[in-house]
Amino acid sequence: MANFAQQNTESVLSIGTKHGVNFSQITFEPPVDQSYKLGYTGGLVIKYQSDKHAGVQAEFNFSQRGWSESLDSGKAYSRTLNYFEIPVLSHFVFGRKNSKIIINLGPNLSFYTSQKEEMKALQNILDWCESNEAIVFLQIQGNGNEWNSYPEVHPYLSAPYSVKDFANGVGFLLDYLFNTKKYTCIKYFCIANEPTGGTFAYWYSKGPEDVSILPTLKAVSEEIKKRGIPVKISGPDWTDLPPMNDSILNEYDPYIQAYDIHSYQGVGETGQKTLKAWADYAHSKGKPFFLSEFGNMTLGWGADNPGPKSFNAAISNATDVIRGLRVGVDGFSRWSFTNRGDIDGQWQLIQTWDRENKRYLDSVQIEKEAFYGYAMITRFIEKKSQVLHCVQDSLSETLFTAALRSPKDDVTVLLVNTDTLEIKVNLNFTRELQIPVSKFILTKDKLDAENFIFQSENNKDMNFILPPRSISVITSSSK
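Per the numbering used here, the sequence shown runs over residues 1375 to 1853.
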């Protein structure tokens, strides 16, 4: 240690640096076969010695920890974890001039500094969801790592080479989120985005052929049960509105506790029948069914195409939700809230990313048509709402309606006019239902107005006109 000292007969203050190496392993549960990882440690040392036998020592260190392991794929994997450490130690010296024993004892504060940006973003989102009592459907995009991919297959397209290692990694992640971070908002978990099995898939390949996701689904299910993690696995997460095949789904059923699919062409009459078949099958198994991603790529897609954030897309999304509610879909998720707007089109509800300069914006900006269009079908519908029987006297093919009652007994009616002409409506409610008191009507012209404010209409009359191409909500909710 290099040092300088201010010395008197009773005490010595020393300041210097230390450098060395660590040999470390990480304790996993269940255990992982691993070897020691070599890492650097070093930093600033301040020691105050009150007499020749005792003192206090504080350190400010950078320390590398981690582990190394050999995988079933034959590849090696190692991970370095960087920490900033502050040990505060009692310093004891025993012995004579030429032979001394030094003992340092005390607490060591460690701060993990090498967390990836993606993990920080995930925790920020989960923190918000936890504080707002949101239900989280957590999904892994794909395998996504080189060390567990098939040769010559892009990691984001590859099935995991070692199913065991993939399942262990998923278990470790969920164990961290549930037991270390103590999140309770995560209710459902999906192991892969749009794997093989639907009408389109780009994931779960091993090069010359696609492979079944079932062995991985089974392994992850067993890993989650072994760790006692209270999350429900959802699947198969196929796209695009794939037909329901009960003989295939019967193979999935032992490993999942919820069913979900995607839709990206808009839900028409045929699509509504497909959703009904899926919902009926899931409910026959005592499980929920989700439309876990939906949109309409026929209105534009690819690169930074603005079609997905347009008001036409908002109209399409609203009709998709109403069609789904009609046939028993239990939950919906529109992709996506904070999309950067340069993947398959501009799907974002809010802008956080400067696409031209590839950086985060200084302030968040609302995508008015997408944001308020989706707010119309989500803001007033509470969790665990009951879908009410809704009858249309007119069989109009351009009027879509649905009604729901919240656990607080508030009633909300959704109305979408997809026509270019206005529609006259007269709402009637049975006596036992609380009569809605607020009316919201959204059109593109209103959104384009410079002084647009999202607020209810002054006219509370239940006999009114739906403007062309509009989304309307009648509700007794005070939100």
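Even glycine gets a Cβ: it sits at the ideal position worked out from N, Cα and C.
Check	Outcome
Reduced DSSP secondary structure (H/G/I, E/B, other) of residue 1832	coil
C-alpha gap between residue 1647 and residue 1737, whole angstroms	43 Å
Range covered by the alpha helix (DSSP H) that runs through residue 1657	1643 to 1658
Beta-carbon proximity check, residue 1564 vs residue 1634, cutoff 9 Å	yes
Limits of the alpha helix (DSSP H) - the one that residue 1716 falls within	Here residue 1716 belongs to no alpha helix (DSSP H), and DSSP marks it neither H nor E.
CB contact flag (residue 1701, residue 1649, <9 Å)	yes
Segment contact flag, the region 1567 to 1586 with the region 1551 to 1559, C-beta cutoff 8 Å, min 3 pairs	no
Continuous alpha helix (DSSP H) stretch holding residue 1546: start and end	1537 to 1549
Host alpha helix (DSSP H) of residue 1421 (start-end)	First-last for residue 1421: 1411 to 1423, but that is the beta strand (DSSP E), not the alpha helix (DSSP H).
Residues that DSSP places opposite residue 1521 in a beta bridge	Beta-bridge pairing links residue 1521 to no other residue.
Backbone CA spacing between residue 1740 and residue 1389 [nearest angstrom]	53 Å
In DSSP terms, what residue 1559 is bridged to	Partner(s): none; residue 1559 has no beta bridge.
Whole-angstrom distance between residue 1534 and residue 1482, CA atom to CA atom	38 Å
Span of the beta strand (DSSP E), counted from its first residue to its last, around residue 1431	1428 to 1444
Residue interval of the beta strand (DSSP E) (run including residue 1459)	1450 to 1470
Rounded Cβ spacing between residue 1743 and residue 1683 (contact assumed at less than 8 Å)	6 Å
Same chain only: Cβ atoms within 8 Å of residue 1662, ignoring 5 sequence neighbours per side	1632, 1633, 1656, 1704, 1705
Enclosing beta strand (DSSP E) for residue 1360 [first to last residue]	No statement about residue 1360 is possible, as the shown extent of the chain runs from 1375 to 1853 and does not include it.
Meets three-Cβ-pair contact criterion under 8 Å: the region 1753 to 1771 and the region 1713 to 1728	no
Nearest-angstrom Cβ-Cβ length linking residue 1636 and residue 1614, presumed shorter than 8 Å	6 Å
Residue 1708 classed as buried or exposed, judged by whether at least 16 other C-beta atoms fall within 10 angstroms	buried
Span separating the alpha-carbon of residue 1836 from that of residue 1798	10 Å
Inter-residue spacing [alpha-carbon to alpha-carbon] between residue 1503 and residue 1397	38 Å
Environment of residue 1378 [buried if 16+ CB atoms lie within 10 Å]	Interpretation of residue 1378 is limited by its pLDDT of 45, a score under 50 that renders its predicted location unreliable; the figure taken from the coordinates is listed afterwards. It is exposed - the Cβ of residue 1378 has fewer than 16 other Cβ atoms within 10 Å.
C-beta contact flag for residue 1610 and residue 1572 at 9 Å	yes
Closest by C-alpha distance to residue 1492, when choosing among 1514, 1820, 1667	1514
CA nearest to the CA of residue 1796, picked from 1842, 1815, 1619, 1825	1842
Residue nearest to residue 1411 in terms of C-alpha spacing, selected from 1420, 1418, 1401, 1519	1401
Residues near residue 1713 in its chain [Cβ-Cβ closer than 7 Å; skip 5 each side]	1721, 1722
Start and end residues, alpha helix (DSSP H) containing residue 1341	Residue 1341 is absent from the model: the chain starts at 1375 and stops at 1853.
Distance between beta carbons of residue 1747 and residue 1688, contact taken as under 8 Å	2 Å
Rounded C-alpha distance that separates residue 1554 from residue 1544	15 Å
Residue 1440 versus residue 1542: straight-line alpha-carbon distance, rounded	17 Å
Boundaries (first-last residue) of the beta strand (DSSP E) holding residue 1473	1473 to 1479
Where residue 1418 falls, given that 16 or more other Cβ within 10 Å makes a residue buried	exposed
Counted within 10 angstroms of its Cβ, other Cβ atoms place residue 1804 as buried (16 or more) or exposed	exposed
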